[in-house]
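Chains A and B supply the protein sequences, listed in that same order. Numbering-wise, the first sequence is residues 71 to 373 according to the numbering used here. Numbering-wise, the second sequence is residues 7 to 280 according to the numbering used here. We put the CB at the ideal spot given by N, CA and C, even for glycine. Shown next, in structure tokens, is the structure this report addresses.
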Amino acid sequence: MTDTVTGAAAPALAPGTSNPRRARRPRPRRRRGGLGSASRGTIVALVCLLSLLPFIWTALSVTKPVDVAFANPPVLTYTPTFASFENLWYATDFYKYLINTVIIAVISTAVALAIGLPAAYALSRYPGPVSAGLLILALVFRALPRPAVVLPMYEISKQLGIYDTTWAMAAALIAINQPFSIWLLRNFFADIPKELDEAAMIDGCTRFQTLRRIMLPLMGPGMLTAGIFMFLFAFQEYLTAAILTDVNAKTVPVFIATQLGQTLPMLQQAGAATMLLTLPVVAAAFLAQKYLVAGLATGSVKG
Amino acid sequence: MFGLLVVPLYRTIEWSLERVNYGEAGTFVGFDNYAFALGDPRFHSTLWFTTGLTIVSAVVIVVLAYVLAIFVDGLRRARPLVLGIMLIPYVLPHVVGSAAYSWLFDPNFGGPAALVISRLTGQEILWFTDAWPNRLLVMSNIVWSMLPFAMLMILAGLQGVSEDLREAADLDGVNAWQRHWHVIIPSIRGVMGFVGLILTMDIFRVFDNLIPLSPAAVQIGNESMMLYIYNIAFREGSPQLGLGSAVSVLTILVILVLLYPSIRGILREASGRD
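In structure tokens:
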């Protein structure tokens, strides 16, 4: 089932690299009976607008003066102000939560790669059954209901005295996301021909030296893709953070969620925090698009 | 590293057979927790809500994602821009995206979507406190946040459909409907199946989206499986850790059943290759 997809699909999808087969000959006209290209363009544009609408509305709400920010009916003419951002910065510990989120994401990404690379390399050089077992494990662990692992982690972290620390949170995320990262990296290793290893070993490299000197330089895109996904998963995680953190290690998604049930200034702070989080994500969606798309194609389609 | 998952998982199975509090040793009660859950009306409504939400949303997403992928596949220069925009709801933390989404529908905060819909229908719809409107709201939000993922996967699949096959179909004079139904969809069956599987697993475990979108979930019967476990085993006054763990184990069983066809496929492929 899965093999039919990758190979052909993954590389061709990266934007900027067009399908060679298509480049060679003109695209055949085969749109008879379908929608005209103008209406198709309109629908795509509409979907883009719908994707962005919540953020456009939030951006408007947080630049309004606080008394009309969430007025009903909405106020559409106003003098923009950045007071809610100042308010967010000075009245809350937002910067602390932001730093926590970044620390947790960086630690869990770094460790996941450090463990994942050798593991994935070894697995990619093993034949069938072991890989199939790993794929099944990655699939099952990816599908686990979070509370089944996080509630026991909560109790264990309390017993060990590491509850509400960024370290405990990072460790939990590494455990939860590692199977997926190993699987993703394995697929990238599998694309590197085995003959390269053999040549290096004949020249006297050990396995580890082969990995470090020959494989790592070729694994740039794979490491970047896996790294981006690990970072993303850590940055998005809500349920785990809601259970494993309290005051000290709180992350931004948890902060925003707790502000929601509150009254006006706090709600606008949540909106401002949402915008501050959205902007880097917009940048990432464009700059790292190639890797996000490739990661979805290589990692998810196969596992 | 797998140990970090296996140890907690073992503990959950142990807890599911006990009456237990955090930090204390539990008393073994056999399958009492399971029996209680299976007889609990709150568990029933949770199960039906989650299953219904999963099936309906997954079908809607797959259909919309296919149509959208066909449209985006026809784009050339605008493609990176369109993909970038559509990736935003997928990449943002779901709890944050859903919060922004909820503001569109909250008339107390002048939500434009709520306003427009009440103008069109002539009624005030209680999006957050009425069971069915809230279900629609949650479903539309799940479609909004998961559609990009499904679209990207199907788009990837479309790149593998051979151009020759499409041309051959064209020469045979098939119409648009036949081309999609008999030519393109059968050749990306694998991807469609996989997208359906991932969507099913992810929507069945929905949690983040409900925090901003369904603050009254417990009262109106819109609790998802994960929210139910979180509420009874962690959030509420006297946490019922044993019961929550039993529901976790039941959820794992459901997911294993859902995964069974793919697991069998993987095993068959592995043994066939050697």
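Within 8 Å, strictly: CB atoms of residue i and residue j
i                      : j                      : result
residue 303 of chain A : residue 247 of chain A : yes
residue 335 of chain A : residue 17 of chain B  : no
residue 306 of chain A : residue 50 of chain B  : no
residue 310 of chain A : residue 207 of chain A : no
residue 160 of chain B : residue 72 of chain B  : yes
residue 59 of chain B  : residue 209 of chain B : yes
residue 194 of chain A : residue 277 of chain A : no
residue 55 of chain B  : residue 242 of chain B : no
residue 249 of chain A : residue 232 of chain B : no
residue 297 of chain A : residue 183 of chain A : yes
residue 170 of chain A : residue 321 of chain A : yes
residue 213 of chain A : residue 94 of chain B  : no
residue 107 of chain A : residue 80 of chain B  : yes
residue 211 of chain B : residue 215 of chain A : yes
residue 23 of chain B  : residue 35 of chain B  : yes
residue 149 of chain B : residue 63 of chain B  : yes
residue 314 of chain A : residue 224 of chain A : yes
residue 78 of chain B  : residue 157 of chain B : yes
CB contact check: residue i to chain A, cutoff 8 Å
i                      : result
residue 213 of chain B : yes
residue 240 of chain B : yes
residue 226 of chain B : no
residue 106 of chain B : yes
residue 295 of chain B : Any question about residue 295 of chain B goes unanswered here, given that chain B covers just 7 to 280.
residue 51 of chain B  : no
residue 114 of chain B : yes
residue 232 of chain B : yes
residue 97 of chain B  : yes
residue 235 of chain B : yes
residue 47 of chain B  : no
Option in the options with minimal Cα separation from residue i
i                      : options                       : result
residue 189 of chain A : A/314, A/165 and A/258        : A/258
residue 44 of chain A  : B/125, B/233 and B/110        : Residue 44 of chain A cannot be examined here, being either before or after the span of chain A that is shown, 71 to 373.
residue 180 of chain A : A/293, A/118, A/215 and A/191 : A/293
residue 127 of chain A : A/342, A/354 and A/278        : A/342
residue 166 of chain B : B/189, B/176, B/180 and B/146 : B/189
residue 173 of chain A : A/279, A/240 and A/351        : A/240
residue 143 of chain B : B/14, B/34 and B/223          : B/223
residue 138 of chain A : A/338, A/271, A/357 and A/350 : A/338
residue 205 of chain B : B/272, B/12, B/183 and B/151  : B/151
residue 161 of chain A : A/329, A/355 and A/361        : A/329
residue 299 of chain A : A/238, A/134, A/210 and A/354 : A/354
residue 153 of chain A : A/132, A/141 and A/142        : A/132
residue 186 of chain A : A/345, A/357, A/281 and A/317 : A/281
residue 37 of chain B  : B/267, B/20 and B/52          : B/20
Chain A contact residues for residue i, given Cβ-Cβ distances below 8 Å
i                      : result
residue 133 of chain B : Chain A residues near residue 133 of chain B: none, gap ~14 Å exceeds 8 Å.
residue 28 of chain B  : 224, 225 and 228
residue 218 of chain B : 327 and 330
Closer than 9 Å at the beta carbon, the chain B residues around residue i
i                      : result
residue 331 of chain A : 221
residue 118 of chain A : 87, 88, 91 and 92
Cβ-heavy atom distance, residue i to the ligand FMN, below 7 Å
i                     : result
residue 27 of chain B : Looking for the ligand FMN in the displayed structure turns up nothing, as the structure carries no ligands at all.
Chain B contact residues for residue i, given Cβ-Cβ distances below 7 Å
i                      : result
residue 359 of chain A : 86, 89, 90 and 93
residue 223 of chain A : 14
Minimum Cβ-Cβ distance from residue i to chain B less than 8 Å
i                      : result
residue 147 of chain A : no
residue 128 of chain A : yes
residue 78 of chain A  : Note that residue 78 of chain A scores a pLDDT of 34, beneath 50, so its modelled location is shaky; the value from the coordinates is reported in the next line. Residue 78 of chain A counts as touching chain B.
residue 113 of chain A : yes
residue 142 of chain A : yes
residue 363 of chain A : yes
residue 135 of chain A : no
Interface residues of chain A facing residue i [CB-CB closer than 9 Å]
i                      : result
residue 100 of chain B : 306, 308 and 323
residue 171 of chain B : Here the premise fails: no neighbours, minimum Cβ distance about 11 Å.
Limits of the unbroken alpha helix (DSSP H) element including residue i
i                      : result
residue 186 of chain A : 164-194
residue 30 of chain B  : No alpha helix (DSSP H) contains residue 30 of chain B, which DSSP labels as neither H nor E.
residue 90 of chain B  : 85-97
residue 123 of chain A : 107-132
residue 148 of chain B : 137-164
residue 366 of chain A : That residue, residue 366 of chain A, is in no alpha helix (DSSP H); it is neither H nor E in DSSP.
Closer than 8 Å at the beta carbon, the chain B residues around residue i
i                      : result
residue 349 of chain A : Going along chain B, no residue has its Cβ under 8 Å from residue 349 of chain A, so there is no contact; the nearest lies around 10 Å.
residue 173 of chain A : In chain order: nothing, as chain B lies at least about 16 Å away.
residue 280 of chain A : The premise fails here: residue 280 of chain A is roughly 23 Å from chain B at the closest Cβ pair, so nothing lies under 8 Å.
Under 7 Å by beta carbon: chain A residues contacting residue i
i                      : result
residue 268 of chain B : 209
residue 191 of chain B : Residues of chain A passing the Cβ test: none, with the nearest at roughly 14 Å.
residue 174 of chain B : Neighbours of residue 174 of chain B on chain A: none; closest Cβ ~11 Å, over 7 Å.
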